[in-house]
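Numbering (my numbering), first residue to last: 84 to 530. Below is one structure, written out as structure tokens; comments come after it.
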Amino acid sequence: MKQIREDARKIPVLAETDVLVVGSGPGGLAAALAAAREGVRTILLERYGCFGGNITQAGVESIAWYRHEGTLDIQGIGIEFEQRAKQMGATEPEPQSQSEALNTELFKVLADTLVQEADILPILHCVAAETVMEGDIIRGIITESKSGRQAILAKRVIDATGDADIAHLAGAPWHMAPKDELLGVTVSFSLKGVDRKRFLSHVGTHPSTYKDWALKTTGKEDKMFSPYLSAPFQMAKEAGEIPEGVKISGTWSRISEQGDATYLNIVYMPGYDATDIHDLTRGEIEGRRQAMWAINALKKYMPGFENAALRSFGSSLGIRESRKIIGRYNLTENDVRNQGRFDDTIGIFPEFLDGYGIVILPTTGRYFQVPYGIMVPQKVENLLVAGRCVAGDQISHSATRQMMCCTVTGQGAGVAAALSIKDNVSCSQVDIVSLQRALLKQGVRIT
């Protein structure tokens with residue numbers, strides 16, 4: 084790639100804070116709330132115009148669809164998201180589980196409210212472009228926005244970008260699978276004009292199960308209902324209306340009384356690198372094209388969708404996987420499949436795996452502990468990572484990428500960052516017992 088030299092220049096300081104959280108998805112939002120509730124000054128930086136990440140940008144309504152009878156679930160801020168949303172009338176029962184489907188538009192308002200209640204300084208429409216380093220210690224970031232190029236200085240930084248952007252810029256080691264091995268990206272959409280009664284009647288007489296879309300289960304999932312749609316798209320392929328090789332099939336979340344199919348996760352596109360601007364652009368355009376194929380197939384072949392029309396697309400691609408840090412500890416398939424236990428646990432997550440053709444639902448009370456070490460990058464001090472880019476192998480990622488697990492790592496990172504400031508130690512030297520005690524006070528289940 085051709086390069087030019089950028090002249091050195093003075094950069095104004097936009098703000099100084101104790102804890103800076105970059106990225107406001109479930110992990111980043113939880114991290115900022117947890118840090119602020121520990122009494123430290125906190126900034127939450129977001130590149131879009133609202134907080135919430137894949138909930139509000141990709142429109143993902145079902146953040147705990149793994150929850151069934153027998154699930155031993157997390158506790159903490161992730162559960163608070165559901166409870167507060169329900170209190171404000173921003174949920175409906177999720178069709179496949181004992182969880183809530185979020186109204187993703189109202190969740191924007193809830194996120195604003197939570198941030199304001201915690202006295203967090205919000206900064207929207209702002210992108211992290213570079214890090215401010217002093218040797219191997221991160222001191223802040225350089226941002227780009229409508230206000231120009233500015234710096235934010237912080238005693239501790241939490242990377243909740245989903246793509247380990249800050250860790251990458253700071254020089255922390257990371258890894259990423261070849262893009263043809265990464266989990267695919269999604270363009271979600273919603274429809275209006277659905278005949279709810281007709282559709283649900285058809286689903287009731289032609290139910291799908293997890294076996295219809297998972298290559299590997301434990302067996303117990305094979306007879307469990309899944310809101311999965313594939314038949315209309317197969318019919319469209321047989322009629323030459325959808326090209327062979329295109330992966331169109333997936334799940335619906337809820338159908339409102341007004342006939343809105345509020346979240347259709349049907350377009351799945353492998354082979355995209357979420358850290359490459361050309362792939363992101365290609366994915367947005369191709370995803371909308373494929374979504375129109377899917378909509379036409381639903382109208383033609385799915386009972387109840389005959390008069391459906393496009394309501395909205397997700398505001399951005401739904402990304403499942405990109406960079407992952409190499410941490411002080413790297414979570415493994417064995418950890419998430421065999422109830423891993425750790426001295427530095429900062430939370431738990433049920434035995435729930437979804438990815439790479441595997442679906443395992445937590446119906447037996449099994450869970451693994453989430454270790455602090457997967458959030459601590461190597462070679463950079465005073466930086467923590469939360470969300471889907473924590474350290475681990477491929478199969479463990481099918482658990483840690485889940486939004487409720489992101490809230491677990493986010494809350495752990497937020498409390499750890501705050502304690503490290505109070506105790507005047509680096510993030511890598513936080514006293515684990517003190518961290519666990521503080522998390523328990525915040526309502527987290529750690530064992």
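Cβ coordinates follow ideal geometry from the N, Cα and C atoms, glycine included. For clarity, every value in this text was computed on a predicted model and none was experimentally measured.
Tell me, to the nearest whole angstrom, how far the beta carbon of T492 is from that of V516; I am working on the premise that it is less than 8 Å.
Rounded, the Cβ-Cβ distance is 19 Å, inconsistent with contact.
Kindly indicate the opening and closing residues of the alpha helix (DSSP H) around P109.
First-last of the alpha helix (DSSP H) with P109: 109 to 120.
So what's S271 in DSSP terms, helix, strand or just coil?
Of the three classes helix, strand and coil, the one that applies to S271 here is strand, per DSSP.
Have a look at K169, I221, R281 and flag the residue whose alpha-carbon is nearest the alpha-carbon of L252.
Closest option to L252, Cα to Cα, is I221.
I need the DSSP call for T226, collapsed to helix, strand or coil.
Of the three classes helix, strand and coil, the one that applies to T226 here is strand, per DSSP.
What residue ranges within the segment 129 to 159 form continuous beta strand (DSSP E) runs of no fewer than 3 residues, ordered along the chain?
Counting only runs of 3 or more, we get nothing.
Just reading off the alpha helix (DSSP H) that A380 is part of, what are its end residues?
Segment 360 to 384, the alpha helix (DSSP H) holding A380.
Quick check on this structure: which residue in R130, F451, D437 has the alpha carbon closest to the alpha carbon of L266?
The candidate whose alpha carbon is nearest that of L266 is D437.
So which of V198, Y293, G387 has the shortest CA-CA distance to I443?
I443 has its Cα closest to that of Y293, out of V198, Y293, G387.
Who does R239 pair with in a DSSP beta bridge?
V102.
Less than 8 Å between the CB atoms is what I'm expecting for G380 and L274, so what's the real figure, rounded?
Sequence check: residue 380 is Ala here, not Gly. A380 to L274, Cβ: 12 Å. No contact.
Let me make sure I understand the geometry here. Which of D202, L97, I409 has the alpha-carbon closest to that of V459?
Of the listed residues, the one whose Cα sits closest to V459 is I409.
I'd like the list of long-range same chain contacts for N390, defined as Cβ closer than 6 Å, with 5 residues on each side in sequence excluded.
The residues are G276.
What first and last residue would you give for the beta strand (DSSP E) that runs through M486?
It is not in any beta strand (DSSP E) - M486 instead sits in the alpha helix (DSSP H) that spans 486 to 505.
Looking at the unbroken beta strand (DSSP E) that takes in E213, where does it start and where does it end?
Run containing E213: 209 to 217, per the beta strand (DSSP E) assignment.
Would you mind sorting G323 into buried or exposed? The rule is 16 or more other CB atoms within 10 Å of its CB.
Classification for G323: exposed.
What is the rounded straight-line gap between the Cα of G470 and the Cα of Y355?
The straight-line gap from Cα to Cα measures roughly 20 Å.
For the candidate residues R92, K93, P109, I87, whose alpha-carbon lies nearest to that of M487?
The residue with the shortest Cα to Cα distance from M487 is P109.
For S230, count neighbouring Cβ atoms within 10 angstroms of its own Cβ and tell me buried if that reaches 16, exposed if not.
The residue is exposed, with fewer than 16 neighbouring Cβ atoms inside 10 Å.
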